[in-house]
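Novice: Let me give you the structure first, and then I'll get to my questions.
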Amino acid sequence: MPIRTKQKSNRLKFFVGLGLGIIGFCIPLAVTFNGLSFAGHLTLSIFLMAAVFWMFETIPIYSTSMLVIFLQVLLLSHQGLVYSDASLPKTSIKQYTEDTWLVPVSAIDGNSIYIATDSKNYLATEVNVINRADWVEVKSEKLHHDTKVVTNVQHKLVGYKPVSFSVFFGTLASPIVILFLGGFMLAGASVKYNLDKNLTRVLLKPFGTNPSFIILGLMIVTASLSAFMSNTATTAMMMTVAIPIVAHVAKDDKFRIMLALSIPIAANIGGMTTPIGTPPNAIVIANLSQQGINIAFGSWVALMLPLVILLLVLTWGTLRLLYPASVKRFELTLKGNFSKAPHAIILYATFIATVLLWFTESQHGIPSAMVAFIPIAGLTITGVMKKEDIRSLPWEVLWLVAGGIALGLSMENTGLAMWLVSSITWEAFPQILLLLVFGFVALMLSNFLSNTVTATLLIPLAVSMGATGIAGDGFSLIITSLVIGAACNMAMLLPISTPPNAIAMSTGYIKTPDMVKVGLIIGLVGIVATLILSQLYWPFILN
23 MPIRTKQKSN
33 RLKFFVGLGL
43 GIIGFCIPLA
53 VTFNGLSFAG
63 HLTLSIFLMA
73 AVFWMFETIP
83 IYSTSMLVIF
93 LQVLLLSHQG
103 LVYSDASLPK
113 TSIKQYTEDT
123 WLVPVSAIDG
133 NSIYIATDSK
143 NYLATEVNVI
153 NRADWVEVKS
163 EKLHHDTKVV
173 TNVQHKLVGY
183 KPVSFSVFFG
193 TLASPIVILF
203 LGGFMLAGAS
213 VKYNLDKNLT
223 RVLLKPFGTN
233 PSFIILGLMI
243 VTASLSAFMS
253 NTATTAMMMT
263 VAIPIVAHVA
273 KDDKFRIMLA
283 LSIPIAANIG
293 GMTTPIGTPP
303 NAIVIANLSQ
313 QGINIAFGSW
323 VALMLPLVIL
333 LLVLTWGTLR
343 LLYPASVKRF
353 ELTLKGNFSK
363 APHAIILYAT
373 FIATVLLWFT
383 ESQHGIPSAM
393 VAFIPIAGLT
403 ITGVMKKEDI
413 RSLPWEVLWL
423 VAGGIALGLS
433 MENTGLAMWL
443 VSSITWEAFP
453 QILLLLVFGF
463 VALMLSNFLS
473 NTVTATLLIP
483 LAVSMGATGI
493 AGDGFSLIIT
503 SLVIGAACNM
513 AMLLPISTPP
523 NAIAMSTGYI
533 KTPDMVKVGL
543 IIGLVGIVAT
553 LILSQLYWPF
563 ILN
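The sequence shown maps to residues 23 to 565 in the working numbering.
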């Protein structure tokens, strides 16, 4: 595409995204949705604008997360503009008979009234409505002479308890964010001291000279590294290993396509293995932890490892079938030695200790986020990571995760998530069909949106369904969340689907149809495999 045409396309995309985002923000402010609180309307405005901005990348996706937190502080905290000086209009109730009371008709919301505890709080209480007039005669054992009731159920405070701005800012120090930061520290130090390349050299050595087995070796190494490192960083690093290999292969040999596709797909799949492997995993854990459900590091690995192995084998077989190599033998030469410098030895010890503690969390009980502070503190105290190394970490990913966590908090606190899911008759869906719908929607959306954004949009819906019981007795919040998280990580259809895909595309060895063919097979078979595991294997690990 010519540069000028591309610039026009980017400008058009920017203005379309900006316009749709502004419209999305304004709609809930101009239209009243029955059953949704005023705070829920505000949250819906932020939600729609963020979804559009994330979809069109009108501004960088991490900037959208920053904007989400800013707007929440401004519009939803009790120190912000909307709720700062607001107070509930309230009045004392009047006793009518020995066991009945009179309240203003405007204080009745169906069969409930709101008891005011102070200027910022309320308590919804169901009452028995006996007679309706200007004053309504009601009966409830919870009412007393000193009880005050909210006289206007349409007031903006009704249905929402404003929180402190520190709640939204606190998402930047969420245990999930700290967990990611620890992973970034290990990854950055590994690159600095060539631990990643040396591990690659050692791990690929057993795979011999057969091109197909070299591909399998690259996939296993890539997936293993991606379980602890950024998928993008792993793909970029492994491509530096792969490109010299491709240089020795004929231009018409399909081995080039096989090699270029194997690395990004393995990176995407490998990221599913651990809680720190990819942002959707963190979003699943963060939302479940808010419901008092904690999945240990080792338990997560036990849940996802069979699926990861299955998808890696499926990918390897698919690539061999679609792009068979013409060359029959290939000599792979990778040089290098493990550094024996003091800082490198400290890194090795820290890496081993951290990984072991992560894997044995269920035995010692130390949360994985606390363990993550070992590399954060240890590698800086010992000088393994200098200030310039720390500055080079992908901090924007942490902002992105924090924004997603903050948006999920508001969707739950304001009742927006429950309002969204209650508008659909979820109980009409059989449980397996419900999982299929969630998985398929997550897969499709993640091919066009970031998998992090998709998880941010769908996981809170599943949480609300589990918390409210809307989906029925057979609904499992944990399994549904895991299905959504896994499906988000299987989106590999297009170059824009994931950064690893984009990196692979930039090599020039593959074309979009190649990616679509493999990505479609992996995605569809992966969803089916996930559903099977969710019914036959995951319940045994979770119980």
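Cβ coordinates follow ideal geometry from the N, Cα and C atoms, glycine included.
Note that the coordinates shown come from a computational prediction; the quantities given were computed from them, not determined experimentally.
Kindly list the residues whose CB is nearer than 7 Å to the CB of Lys-214, restricted to its own chain and excluding five residues on each side of it in sequence; keep chain order.
Specialist: Locating residue 214 in the sequence shown gives position 192, where the first residue counts as 1. Excluding sequence neighbours, Lys-214 sits near Asp-411.
Novice: Can you have a look at Ala-255 and say buried or exposed, based on whether 16 or more other CB atoms are within 10 angstroms of its CB?
Specialist: As a working mapping, residue 255 is identified with position 233 in the sequence shown. Buried is the call here.
Novice: Rounded C-beta distance between Leu-540 and Leu-341? I'm assuming under 8 Å.
Specialist: Position 518 of the sequence shown, counted from the first residue, corresponds to residue 540. Position 319 of the sequence shown, counted from the first residue, corresponds to residue 341. First, the residue type needs correcting, since residue 540 is Val and not Leu in the sequence shown. Correct: roughly 7 Å between the Cβ atoms.
Novice: Pull up the distance between the alpha-carbon of Thr-19 and that of Val-125, whole angstroms please.
Specialist: What is shown of the chain runs 23 to 565, which leaves residue 19 out entirely.
Novice: Tell me where the beta strand (DSSP E) around Lys-575 begins and ends.
Specialist: Past the edges of the chain, shown from 23 to 565, lies residue 575, and the structure says nothing about it.
Novice: Grouping DSSP H, G and I as helix and E and B as strand, with all else coil, what is Asp-274?
Specialist: Numbered from 1 along the sequence shown, position 252 holds the residue referred to as residue 274. Correct three-state label for Asp-274: coil.
Novice: Is Ser-99 near Val-185, with beta carbons less than 9 Å apart?
Specialist: As a working note, residue 99 is residue 77 in the sequence shown. As a working note, residue 185 is residue 163 in the sequence shown. Cβ distance < 9 Å, so Ser-99 and Val-185 count as in contact.
Novice: Go to Leu-203, then tell me how far its alpha helix (DSSP H) extends in each direction, as first and last residue.
Specialist: By one-based count along the sequence shown, residue 203 stands at place 181. First-last of the alpha helix (DSSP H) with Leu-203: 197-214.
Novice: For Ala-146, name the three-state secondary structure that DSSP assigns.
Specialist: As a working mapping, residue 146 is identified with position 124 in the sequence shown. Strand.
Novice: Starting from Asp-131, follow its DSSP beta bridges and name the residues at the other end.
Specialist: As a first step, residue 131 must be located in the sequence shown, where it is residue number 109. According to DSSP, which records beta bridges pairwise, Asp-131 is partnered with Ser-134.
Novice: Does the beta-carbon of Phe-69 have 16 or more other beta-carbons within 10 angstroms, so that it is buried, or is it exposed?
Specialist: Within the sequence shown, the letter at position 47 stands for residue 69. Buried.
Novice: Three or more beta-carbon pairs under 8 Å between the region 270-285 and the region 233-253, yes or no?
Specialist: The region 270-285, when compared against the region 233-253, does touch it at the 8 Å Cβ threshold.
Novice: What does a CB cutoff of less than 8 Å around Val-485 pick up in its chain, not counting 5 residues either side in sequence?
Specialist: Along the sequence shown, one-based indexing puts residue 485 at 463. Cβ within range, chain order: Asn-309, Leu-310, Gln-312, Gln-313, Gly-430, Glu-434, Ala-439, Leu-499 and Ser-503.
Novice: At the level of alpha carbons, what is the spacing between Leu-217 and Ile-388?
Specialist: For the purposes of this step, residue 217 is taken as the residue at position 195 of the sequence shown. For the purposes of this step, residue 388 is taken as the residue at position 366 of the sequence shown. Those two C-alpha atoms are separated by around 27 Å.
Novice: Measure from the alpha carbon of Ala-129 to the alpha carbon of each residue in Lys-112, Gln-117, Thr-122 and Glu-120, then state which is nearest.
Specialist: Position 107 of the sequence shown holds residue 129. Comparing Cα-Cα distances from Ala-129 to each of Lys-112, Gln-117, Thr-122 and Glu-120, the minimum goes to Lys-112.
Novice: Buried or exposed for Trp-421, please, with buried defined as at least 16 other CB atoms from any protein chain shown within 10 angstroms of its CB.
Specialist: Here the question's residue 421 lines up with position 399 in the sequence shown. Buried, because 16 or more other Cβ atoms sit within 10 Å of the Cβ of Trp-421.
Novice: Taking the straight line between their C-alpha atoms, what separation do you get for Ile-396 and Thr-376?
Specialist: Your numbering for residue 396 matches position 374 in the sequence shown. Your numbering for residue 376 matches position 354 in the sequence shown. Approximately 7 Å between the Cα atoms of the pair.
Novice: Taking just the CA atoms, how far does Thr-80 sit from Arg-33?
Specialist: The residue given as residue 33 occupies position 11 in the sequence shown. The residue given as residue 80 occupies position 58 in the sequence shown. Arg-33 and Thr-80: Cα-Cα distance of roughly 10 Å.
Novice: Quick one: using the 10 Å Cβ neighbour count with 16 as the cut-off for buried, is Val-38 buried or exposed?
Specialist: Mapped onto the sequence shown, residue 38 falls at position 16. It counts as exposed.
Novice: If contact is defined by three or more beta carbon pairs under 8 Å, each pair taking one atom from either stretch, is the region 72-89 in contact with the region 460-474?
Specialist: The region 460-474 vs the region 72-89: in contact.
Novice: Would you mind working out which of Asn-56, Thr-402 and Ile-44 sits nearest Phe-78, comparing C-alpha positions?
Specialist: As a working note, residue 78 is residue 56 in the sequence shown. It is Ile-44 whose Cα lies nearest to the Cα of Phe-78.
Novice: Comparing C-alpha positions only, which one of Lys-116, Leu-208 and Ile-198 sits nearest to Leu-165?
Specialist: In the sequence shown, the residue the question calls residue 165 occupies position 143. Comparing Cα positions, the closest option is Lys-116.
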